[in-house]
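Asks:
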Amino acid sequence: MVRNPKGMRDILPPETFKWRRLEILLSKAALLYGYGEIRTPILEFSELFRKGLGDESDVALKEMYEFEDKNGDVLSLRPEGTAPVARAVIQHHLYDIPVLRLFYTGPMFRRERPQAGRYRQFHQFGIEAFGVSQPYMDIEVLLVVKRIFSLLNLPLTIHINSLGCDECRPIYMEQLRNFVLSAIPEDEEIERFKKNPLKLFDSKRPEHAEVKAEAPKISEYLCPACKDHYAHVIRAAKLFGVPIVEDPQLARGFDYYTRTVFEGYVGEFNLAVVGGGRYDHLVSFYGGPDVPGIGFAIGLERLITSLEKVPIIDPEPKKTYFLATTGEDMIEPAFQLAEKLRDHGIGIIMDLRQGKLQKQLKLANKVEVRYVLILGEEEQRNHVITLRDMVTGEQRIVAQEAVLGE
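In this note's numbering, each number is its position in the sequence shown, counted from 1, plus 19.
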């Protein structure tokens with residue numbers, strides 16, 4: 020009798036109806052923040068993943084579906100979504116868009132041991148944002164996560180940490196490596212820890228629990244710039260109600276991460292249903308320009324098992340505006356206004372580089388948004404906002420509440 024391979028499964032009606040509603044909800048959340056959909060091939064050159072994820076990652080070492088085709092090219096079924104998106108950004112010169120926001124949904128493949136909620140073909144929804152090094156983009160990404168789980172009415176806790184940068188992380192890595200070599204006897208994992216001591220925090224072995232608890236914390240080694248970045252993210256996340264818990268042992272599994280990393284847990288689940296972070300050097304590592312990036316991915320199989328039902332929502336925002344500010348001191352009021360508008364199904368795009376107003380309006384033209392909302396100190400004080408038509412050049416002052424009915 021014919022059957023599917025081990026670790027693969029069919030998704031059948033009526034379960035597919037639930038999946039479809041979930042995919043619509045996830046796409047809607049991304050669209051509310053100005054993210055556009057990208058679809059990359061399932062097959063990529065293996066080197067893309069080996070180079071980006073790290074040769075010592077579990078995925079690269081033993082989990083990729085890899086083969087040589089008739090032309091002698093070594094290809095892999097994609098095990099994750101960030102590396103293919105970064106490749107597409109370089110190949111198609113998408114970095115010409117100063118602030119680029121993309122989302123994807125699709126199957127990934129890893130040859131790992133099948134277990135409850137984990138399959139060898141699995142599905143992920145993810146977003147990737149390029150071009151903004153400032154911590155405001157970290158906040159936006161966390162707010163997208165928060166919105167998704169609020170829409171699904173699922174309790175979420177986000178564990179968060181900073182892995183530092185190329186300046187401060189090598190110092191920490193050396194200290195951690197020395198600690199690991201002195202604390203752990205020679206075993207089959209010690210070679211991995213020598214090459215990348217952060218792998219200690221991925222270890223599930225009970226005998227490593229005490230070692231992890233006593234290991235030096237990277238927060239003690241962050242450079243001033245990384246400390247400031249992380250402090251800004253933590254403060255703003257709390258201000259906007261993102262349910263975070265600082266976790267000094269959080270390291271994530273791939274080598275491309277820098278600075279902010281996070282994982283989200285639902286209820287009593289012991290597995291992360293969402294994970295992500297910054298990868299400020301991934302694009303340049305692949306031969307592209309120096310473009311910072313940040314993103315996350317949600318495992319849909321794990322998520323779907325925790326959902327009794329998925330709400331039915333409109334697939335598109337009612338309308339999309341570009342929200343500009345007259346100075347950095349207006350960014351937090353702008354975030355609050357943007358979230359309020361998104362709560363009513365209105366899409367909002369922002370230039371989180373926070374340059375001058377003209378620079379923000381230039382980006383609005385680049386992403387082809389006709390109507391711009393401009394928030395300054397006077398507008399905020401009077402609970403109004405300037406509404407500009409980028410086609411006609413006309414602008415008028417309207418009450419902030421009136422935007423809901425425009």
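A virtual CB, placed ideally from N, CA and C, is assigned to each residue, including glycine.
Since this is a predicted model, take the numbers as computed values, not measurements.
Where does glycine 346 land, buried or exposed, given buried means 16+ other C-beta within 10 angstroms?
Replies: Exposed is the call here.
Asks: Is aspartate 92 buried or exposed, if buried means 16 or more other CB atoms sit within 10 Å of its CB?
Replies: Classification for aspartate 92: exposed.
Asks: With the cut-off set at 7 Å, would you say tyrosine 114 and valine 310 are in Cβ contact?
Replies: For tyrosine 114 and valine 310, yes; Cβs fall inside 7 Å.
Asks: What residue range is occupied by the uninterrupted alpha helix (DSSP H) comprising arginine 196?
Replies: Here the alpha helix (DSSP H) through arginine 196 covers 188-202.
Asks: Measuring alpha carbon to alpha carbon, tell me which of Asp221, Val417, Ala49 ends up nearest isoleucine 317.
Replies: When each option's Cα is compared against that of isoleucine 317, the closest is Ala49.
Asks: Can you say whether threonine 35 is buried or exposed, counting buried as having 16 or more other CB atoms within 10 angstroms of its CB?
Replies: So threonine 35 counts as exposed.
Asks: Helix or strand or just coil, what does DSSP make of glutamine 140?
Replies: Looking at glutamine 140 - three-state DSSP - the assignment turns out to be strand.
Asks: Is the distance from the Cβ of arginine 278 to the Cβ of histidine 248 below 7 Å?
Replies: Yes; because the gap between Cβ atoms is below 7 Å, this pair is in contact.
Asks: Would you tell me roughly how many angstroms separate the C-alpha atoms of leucine 31 and histidine 178, rounded to the nearest one?
Replies: Using only the alpha carbons, I get a separation of about 34 Å.
Asks: Using only CA atoms, which one of Lys257, Tyr284, Glu186, Asp274 lies nearest to proline 243?
Replies: Nearest option by C-alpha distance: Glu186.
Asks: Give the straight-line distance between the Cα atoms of valine 104 and isoleucine 57, rounded to the nearest whole angstrom.
Replies: If you take the alpha carbons of valine 104 and isoleucine 57, they lie about 8 Å apart.
Asks: Rounded to whole angstroms, what's the CA-CA distance from glutamine 419 to valine 264? Just pull it up for me.
Replies: Spanning the two alpha carbons is a distance of roughly 33 Å.
Asks: Count the other CB atoms, across all protein chains shown, that sit within 10 Å of the CB of valine 21; report buried if there are 16 or more and exposed otherwise.
Replies: Classification for valine 21: exposed.
Asks: Output needed for glycine 1: all residues of its chain with C-beta closer than 6 Å, excluding positions within five of it in sequence on either side, in chain order.
Replies: In the structure as shown, the chain begins at 20 and stops at 425. Residue 1 is therefore absent and cannot be evaluated.
Asks: In angstroms with no decimal places, state the Cα-to-Cα distance between glutamate 66 and valine 108.
Replies: When rounded, the distance between both Cα atoms is 17 Å.
Asks: At what residues does the beta strand (DSSP E) containing glutamine 268 begin and finish?
Replies: Segment: none, glutamine 268 is in no beta strand (DSSP E) and carries neither H nor E.
Asks: Curious, which full-length beta strand (DSSP E) runs of at least 3 residues does the stretch 368-407 contain?
Replies: Complete beta strand (DSSP E) runs here, min 3: 390-394.
Asks: Roughly how many angstroms separate the alpha carbons of leucine 44 and glutamate 63, rounded to a whole number?
Replies: Their Cα atoms are separated by approximately 28 Å.
Asks: Classify arginine 361: buried if its beta carbon has 16 or more other beta carbons within 10 angstroms, exposed otherwise.
Replies: That one is buried.
Asks: Starting from arginine 415, follow its DSSP beta bridges and name the residues at the other end.
Replies: Its beta-bridge partners are Leu406.
Asks: Going straight from the alpha carbon of lysine 246 to that of threonine 411, what length do you get?
Replies: Distance between the alpha carbons of lysine 246 and threonine 411 is about 45 Å.
Asks: Go to valine 93, then tell me how far its beta strand (DSSP E) extends in each direction, as first and last residue.
Replies: Its beta strand (DSSP E) spans residues 93-96.
Asks: Considering just the uninterrupted stretch of the alpha helix (DSSP H) at tyrosine 249, what are its terminal residues?
Replies: Segment 243-258, the alpha helix (DSSP H) holding tyrosine 249.
Asks: Who pairs with valine 293 in a beta bridge, going by DSSP?
Replies: The partner list for valine 293 (beta bridge, DSSP) reads Gly283, Ile317.
Asks: Alpha helix (DSSP H) containing arginine 361: first to last residue?
Replies: Element bounds for arginine 361: 350-362.
Asks: Under the three-state reduction of DSSP, which class applies to arginine 278: helix, strand or coil?
Replies: If DSSP states are grouped into helix, strand and coil, arginine 278 belongs with the strands.
Asks: What first and last residue would you give for the alpha helix (DSSP H) that runs through arginine 40?
Replies: Counting along the chain, the alpha helix (DSSP H) containing arginine 40 begins and ends at 34-51.
Asks: In chain order, what residues of the same chain lie with their CB nearer than 6 Å to the CB of leucine 119, ignoring the 5 residues before and after it?
Replies: Closer than 6 Å at the Cβ level, and outside the excluded window around leucine 119, lie Leu113, Phe149, Gly150.
Asks: For a test of the three-state rule: what should DSSP assign to arginine 130, helix, strand or coil?
Replies: Correct three-state label for arginine 130: coil.
Asks: Take every Cβ of the stretch 368-375, pair it with every Cβ of the stretch 312-331, and state whether three or more of those distances are shorter than 8 Å.
Replies: Judged by Cβ distances under 8 Å, the stretch 368-375 makes no contact with the stretch 312-331, as fewer than three pairs qualify.
Asks: Tell me which residue opens and which closes the alpha helix (DSSP H) that serine 181 is part of.
Replies: Taken as a continuous stretch (DSSP letters only), serine 181 belongs to no alpha helix (DSSP H), being part of the beta strand (DSSP E) at 175-181.
Asks: The beta strand (DSSP E) that contains alanine 343, what's its start and end?
Replies: Run containing alanine 343: 338-344, per the beta strand (DSSP E) assignment.
Asks: Since isoleucine 159 is in the alpha helix (DSSP H), which residue starts that stretch and which ends it?
Replies: Sequence check: residue 159 is glutamate here, not isoleucine. Counting along the chain, the alpha helix (DSSP H) containing glutamate 159 begins and ends at 154-170.
Asks: Let's test the definition: count the other Cβ atoms within 10 Å of the Cβ of proline 336 and tell me whether it reaches 16, buried, or not, exposed.
Replies: It is buried - the Cβ of proline 336 has at least 16 other Cβ atoms within 10 Å.
Asks: Within 10 angstroms of its Cβ, does proline 216 collect 16 or more other Cβ (buried), or is it exposed?
Replies: Counting Cβ neighbours within 10 Å, proline 216 comes out buried, since at least 16 surround it.
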